[in-house]
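Peer 1: Per the numbering used here, the very first residue in the sequence shown carries number 136; after that it's consecutive.
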Amino acid sequence: DPARRIALEAEGVAAVDPADREALSAALAGATTILITSPPDAQGCPALRALAAAESVSTAWPDWIGYVSSTAVYGDRDGGWVFEDDALNASSLEGGRRVRAEADWLDAGRGMGLTVQIFRLPAIYGPGRSVVDRLRDGSARLVRKPGQVFNRVHVEDAVAGLFASMARPRPGAAYNLADDEPTPADVVIAGAADRLGLPRPPEVDWHDPEVSDAMRRFYLDNKRISNARAKAELGWRPKYPTWREGLESLI
Numbered sequence: 136d137p138a139r140r141i142a143l144e145a146e147g148v149a150a151v152d153p154a155d156r157e158a159l160s161a162a163l164a165g166a167t168t169i170l171i172t173s174p175p176d177a178q179g180c181p182a183l184r185a186l187a188a189a190e191s192v193s194t195a196w197p198d199w200i201g202y203v204s205s206t207a208v209y210g211d212r213d214g215g216w217v218f219e220d221d222a223l224n225a226s227s228l229e230g231g232r233r234v235r236a237e238a239d240w241l242d243a244g245r246g247m248g249l250t251v252q253i254f255r256l257p258a259i260y261g262p263g264r265s266v267v268d269r270l271r272d273g274s275a276r277l278v279r280k281p282g283q284v285f286n287r288v289h290v291e292d293a294v295a296g297l298f299a300s301m302a303r304p305r306p307g308a309a310y311n312l313a314d315d316e317p318t319p320a321d322v323v324i325a326g327a328a329d330r331l332g333l334p335r336p337p338e339v340d341w342h343d344p345e346v347s348d349a350m351r352r353f354y355l356d357n358k359r360i361s362n363a364r365a366k367a368e369l370g371w372r373p374k375y376p377t378w379r380e381g382l383e384s385l386i
């Protein structure tokens with residue numbers, strides 16, 4: 136996308152076509168870290184395929200590689216707590232692809248002697264991407280599913296966790312970067328509406344035909360994400376430990 140490339144370069148980002156092996160190899164030679172954020176497809180992680188092709192041109196790889204995954208890899212836990220060493224039992228196609236991509240990256244790291252680490256994130260929110268924006272533009276829906284809880288993470292906290300790992304790398308480690316308080320989505324939406332002085336959206340039952348397929352998939356998994364390992368090993372402390380602090384930062 137030429138327009139996207141121009142926008143990135145205006146921000147000081149060196150945009151490289153992943154299909155250009157020579158250019159990608161040159162970029163690798165000058166890199167100190169690699170952070171993978173591209174979602175996997177049916178064949179696995181597209182970034183791994185591109186970088187593996189570039190590696191055939193040059194063997195200059197930085198030691199620290201971070202793969203940003205999703206807590207969808209855990210699947211549904213009926214509201215129970217999940218930890219990084221728990222079995223991965225994704226209940227969605229997207230989650231299953233993440234499981235495969237994680238394994239592929241860890242295998243690549245072991246094979247090449249690189250420090251590959253996995254970061255499992257729940258829903259990310261921040262400026263321009265939050266319930267505040269949806270309430271203001273009228274697109275928010277107050278979906279109720281009794282007993283359902285979600286974690287979330289502010290984008291600033293996610294970035295802080297990545298930097299903390301760069302300072303304390305551990306090959307093969309996986310970290311949950313999630314907030315401290317799993318909370319029902321309808322509680323967050325109602326609380327945000329009240330704080331903004333806006334009417335609460337009409338309540339919609341999870342089984343209602345009005346709920347989109349994408350939203351219904353989002354509500355399939357019910358779990359509480361532990362962030363204890365990231366705190367203990369990385370010294371990470373979320374600036375926005377619950378949705379309340381995060382909400383205030385966006386108003």
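We treat Cβ as the ideally placed atom computed from N, Cα and C, and that holds for glycine. Remember, predicted model here, so these are calculated numbers, not experimental data.
#1: Mark Lys-374 as exposed unless 16 or more other C-beta atoms lie within 10 angstroms of its C-beta, in which case mark it buried.
#2: Using a Cβ-Cβ cutoff of less than 6 angstroms, which residues in the same chain neighbour Asn-362 once the five nearest sequence positions on both sides are dropped?
#3: Going along the chain, which residues of its own chain have a beta-carbon closer than 7 angstroms to the beta-carbon of Ala-150, five neighbours each way excluded?
#4: So, for Asp-155: in the same chain, excluding its five sequence neighbours on each side, which residues have a beta-carbon less than 7 angstroms away from its beta-carbon?
#5: Going by CA-CA distance only, name the one from Phe-353, Thr-168 and Val-290 that's closest to Arg-264.
#6: Taking C-alpha atoms, which residue in Arg-184, Asp-198 and Asp-220 lies nearest to Ile-360?
#7: Starting from Ser-204, trace the beta strand (DSSP E) in both directions and tell me its first and last residue.
#8: Anyone know if the C-beta pair for Ala-185 and Pro-153 falls short of 7 angstroms?
#9: Between the alpha carbons of Gly-307 and Leu-170, how many angstroms are there, rounded?
#10: Inspect the beta-carbon positions of Ala-327 and Val-266 and report whether they are closer than 7 angstroms.
#11: My output table needs one value for Arg-264: the three-state DSSP class, helix, strand or coil.
#12: Tell me, please, whether the segment 326-346 touches the segment 234-252 by the rule of three or more beta-carbon pairs shorter than 8 angstroms.
#13: Give the C-beta separation of Gly-296 and Ala-365 to the nearest angstrom, bearing in mind that I take them to be a contact with Cβ-Cβ under 8 angstroms.
#14: Decide if Pro-344 is buried, meaning its Cβ has at least 16 other Cβ atoms within 10 Å, or exposed.
#15: Measuring only the C-alpha atoms, how far is Glu-146 from Ser-347?
#16: Express the C-alpha separation of Pro-181 and Pro-174 in angstroms, rounding to a whole number.
#17: Go through the segment 250-314 residue by residue and report every complete run of the beta strand (DSSP E) that reaches 3 residues or more, in order.
#18: Between which two residues does the alpha helix (DSSP H) harbouring Asp-348 extend?
#19: List the whole-angstrom C-beta distance separating Asn-357 from Asp-136, where the pair is believed to meet the contact cut-off of C-beta under 8 angstroms.
#20: Under a Cβ-count criterion, where at least 16 other Cβ atoms within 10 Å of its own Cβ denotes burial, should Ser-274 be classed as buried or exposed?
#21: Using the three-state DSSP reduction, which class does Glu-345 fall into: helix, strand or coil?
#22: Less than 7 angstroms between the C-beta atoms of Ile-259 and Ala-302, yes or no?
#23: Looking at the strands, I want to know which residues DSSP matches up with Asp-176.
#24: I think Pro-386 touches Arg-330, with their Cβ atoms under 8 angstroms apart; what is that distance to the nearest whole Å?
Peer 2: So, from the listed chains and residues:
#1: Here residue 374 is taken as the residue at index 239 of the sequence shown, counted from 1. That one is exposed.
#2: Here residue 362 corresponds to residue number 227 of the sequence shown, with the count starting at 1. Correct list, in chain order: Asn-311 and Ala-313.
#3: Along the sequence shown, read from residue 1 onward, the residue named residue 150 stands at position 15. Within the same chain, Ala-150 has close Cβ partners Arg-140, Leu-143 and Glu-144.
#4: Taking the first residue of the sequence shown as 1, we reach residue 155 at position 20. Contacts found: none.
#5: Stepping through the sequence shown from its first residue, residue 264 is reached at position 129. Nearest option by C-alpha distance: Val-290.
#6: In the sequence shown, counting from the first residue as 1, residue 360 sits at position 225. Answer by Cα proximity: Asp-220.
#7: Sequence index remark: in the sequence shown, residue 204 carries index 69 (1-based). Here the beta strand (DSSP E) through Ser-204 covers 199-205.
#8: Within the sequence shown, the letter at position 50 stands for residue 185. Within the sequence shown, the letter at position 18 stands for residue 153. Closer than 7 angstroms, so yes.
#9: In the sequence shown, residue 307 corresponds to position 172, counting from 1. In the sequence shown, residue 170 corresponds to position 35, counting from 1. Each residue's Cα considered, the two are about 15 angstroms apart.
#10: Position 192 of the sequence shown holds residue 327. Position 131 of the sequence shown holds residue 266. Yes, they are a contact pair.
#11: Here residue 264 is taken as the residue at index 129 of the sequence shown, counted from 1. Here Arg-264 sits in strand by DSSP.
#12: no
#13: Looking up residue 296 in the sequence shown gives position 161. Looking up residue 365 in the sequence shown gives position 230. Correct: roughly 6 angstroms between the Cβ atoms.
#14: Position 209 of the sequence shown, counted from the start, is the residue given in the question as residue 344. So Pro-344 ends up on the exposed side.
#15: For the purposes of this step, residue 146 is taken as the residue at position 11 of the sequence shown. For the purposes of this step, residue 347 is taken as the residue at position 212 of the sequence shown. Going by the C-alpha atoms only, they are around 36 angstroms apart.
#16: In the sequence shown, the residue the question calls residue 174 occupies position 39. In the sequence shown, the residue the question calls residue 181 occupies position 46. Their Cα atoms are separated by approximately 8 angstroms.
#17: 250-256, 258-260, 277-279, 287-289 and 309-311
#18: Sequence index remark: in the sequence shown, residue 348 carries index 213 (1-based). Here the alpha helix (DSSP H) through Asp-348 covers 348-353.
#19: For the purposes of this step, residue 357 is taken as the residue at position 222 of the sequence shown. For the purposes of this step, residue 136 is taken as the residue at position 1 of the sequence shown. 37 angstroms between Cβ atoms; not a contact.
#20: Locating residue 274 in the sequence shown gives position 139, where the first residue counts as 1. When all chains shown are included, Ser-274 counts as exposed.
#21: Here residue 345 is taken as the residue at index 210 of the sequence shown, counted from 1. Glu-345 falls in the coil class under three-state DSSP.
#22: Position 124 of the sequence shown, counting from 1, holds the residue named residue 259. Position 167 of the sequence shown, counting from 1, holds the residue named residue 302. No. Outside cutoff.
#23: Locating residue 176 in the sequence shown gives position 41, where the first residue counts as 1. Beta-bridge pairing links Asp-176 to Gly-179.
#24: Within the sequence shown, residue 386 is the residue found at index 251, counting from 1. Within the sequence shown, residue 330 is the residue found at index 195, counting from 1. Per the sequence presented here, residue 386 reads as Ile, with Pro not at that position. Sure, about 7 angstroms apart at Cβ, within 8 angstroms.
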